[in-house]
Amino acid sequence: MTSPARHGSRRRRPVLVPATGLLAAAALLLTAVLGGFREAPEPGPEQRQAGEDVDQDVFRTVIEDAVAHTVPGSGDQERPVLDLNLKVYNDAGSSVPLRFLDDSLLRVAGRQGERLLDPAARANGGGWMYDLTVPGEGAPSRLLPPKRTSEVLLRFRLPASAEPKPGQTWAGSFPSLLDIDLGLYENHEDPLTGRRRAKLVEEDDGAPAIAARVTVPVRKAV
């Protein structure tokens with residue numbers, strides 16, 4: 002008698018998984034457990050140093066230096082000030098009011114975070130008072146002439162809260178390093194009149210775009 006053939010199952014060969022695949026799977030699992038992939042941080046504004054050119058579209062601006070010193074005050078008293086010396090090239094075809102440069106000074110702050118230029122603080126009677134002028138010859142001007150480089154003075158005056166304590170000098174009242182954010186302009190044309198007007202560029206969240214952040218050491222002569 003012929004025995005029936007056996008229909009037994011074949012032995013399965015082991016499947017080899019590369020070690021790199023196992024490591025990748027483990028990494029994905031660990032990432033999921035820890036909260037998923039994190040987005041890479043967005044790059045910050047371009048960095049510049051004192052003396053370097055910043056292209057603001059309408060202006061090309063160089064912050065040359067910052068000097069803390071004293072100027073004659075009332076009576077025999079001298080008052081301390083912080084001067085920032087700028088060179089600004091107006092690329093427009095006509096004179097531009099200085100307030101356009103003023104508006105583009107988005108932030109002037111000490112390295113410890115103290116804001117020297119803070120419109121909100123000024124509105125409440127606090128913060129540092131400042132003047133922005135084109136000294137030139139004769140009376141200071143409030144205009145930047147076209148296609149020319151003008152020397153511009155940004156002068157800060159110490160607030161009463163920053164006066165030194167007895168036995169201290171004025172030098173300790175000034176920051177040693179400044180971070181200055183300069184805004185970026187672009188020209189907009191009025192479709193009705195054809196006139197062009199410079200306007201600060203805004204980011205998607207509505208915040209002003211920063212052309213560059215300039216780091217300026219403060220020389221103290223007080």
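All residue numbers for the sequence shown refer to my numbering, where the first residue is 2 and numbers rise by one. Backbone N, C-alpha and C define an ideal beta-carbon position, used for all residues, glycine too.
(request) From the DSSP output, read off the bridge partner residues of ASN188. (result) ALA199
(request) Excluding the 5 residues preceding and the 5 following THR62 in the sequence, name in chain order all residues of the same chain whose CB lies nearer than 7 Å to its CB. (result) VAL55, LEU87, VAL89, LEU183
(request) Can you tell me the Cβ-Cβ gap for LEU155 and LEU133, rounded? I've got them flagged as a contact below 8 Å. (result) 5 Å
(request) Could you tell me whether the Cβ atoms of VAL244 and ALA163 are closer together than 8 Å? (result) In the structure as shown, the chain starts at 2 and stops at 223, and residue 244 therefore has no counterpart that could be examined.
(request) Out of SER96, ASP104, GLU53, state which residue places its alpha-carbon closest to the alpha-carbon of SER142. (result) Checked all of SER96, ASP104, GLU53; the closest Cα to SER142 is SER96.
(message) Would you say the beta carbon of ARG149 is closer than 7 Å to some non-hydrogen atom of the ligand HEM?
(response) This structure does not include the ligand HEM; it has no bound ligands of any sort.
(request) Rounded to whole angstroms, what's the CA-CA distance from PHE101 to ASN188? Just pull it up for me. (result) 12 Å
(message) Can you tell me whether LEU102 is helix, strand or coil according to DSSP?
(response) Here LEU102 sits in helix by DSSP.
(request) Could you tell me whether any Cβ in chain D is nearer than 8 Å to the Cβ of VAL59? (result) Judged by its chain identifiers, the structure shown contains no chain D, having just a single protein chain.
(message) Going by DSSP in three states, GLY111 sits in which element: helix, strand or coil?
(response) strand
(message) Give me the DSSP bridge partner(s) of ARG61.
(response) Listed as beta-bridge partners of ARG61 by DSSP are ASP56, TYR90.
(message) On the CB-based measure, 16 or more other CB atoms within 10 Å of its CB, does GLN57 come out buried or exposed?
(response) buried
(message) Please classify ARG49 as buried or exposed, where buried requires at least 16 neighbouring CB atoms within 10 angstroms.
(response) The C-beta of ARG49 has 16 or more other C-beta atoms within 10 Å across all chains shown, which makes the residue buried.
(message) By the three-class DSSP mapping on this structure, what secondary structure does GLY9 have?
(response) Legend: pLDDT at GLY9 = 47, less than 50; position of this residue unreliable, no value from coordinates given.
(request) In the DSSP assignment, find the beta strand (DSSP E) that holds SER151 and state where it starts and stops. (result) 150-158
(request) Assign PRO81 to buried or exposed, taking buried as 16 or more other Cβ atoms, counted over all protein chains shown, within 10 Å of its Cβ. (result) Counting Cβ neighbours within 10 Å, PRO81 comes out buried, since at least 16 surround it.
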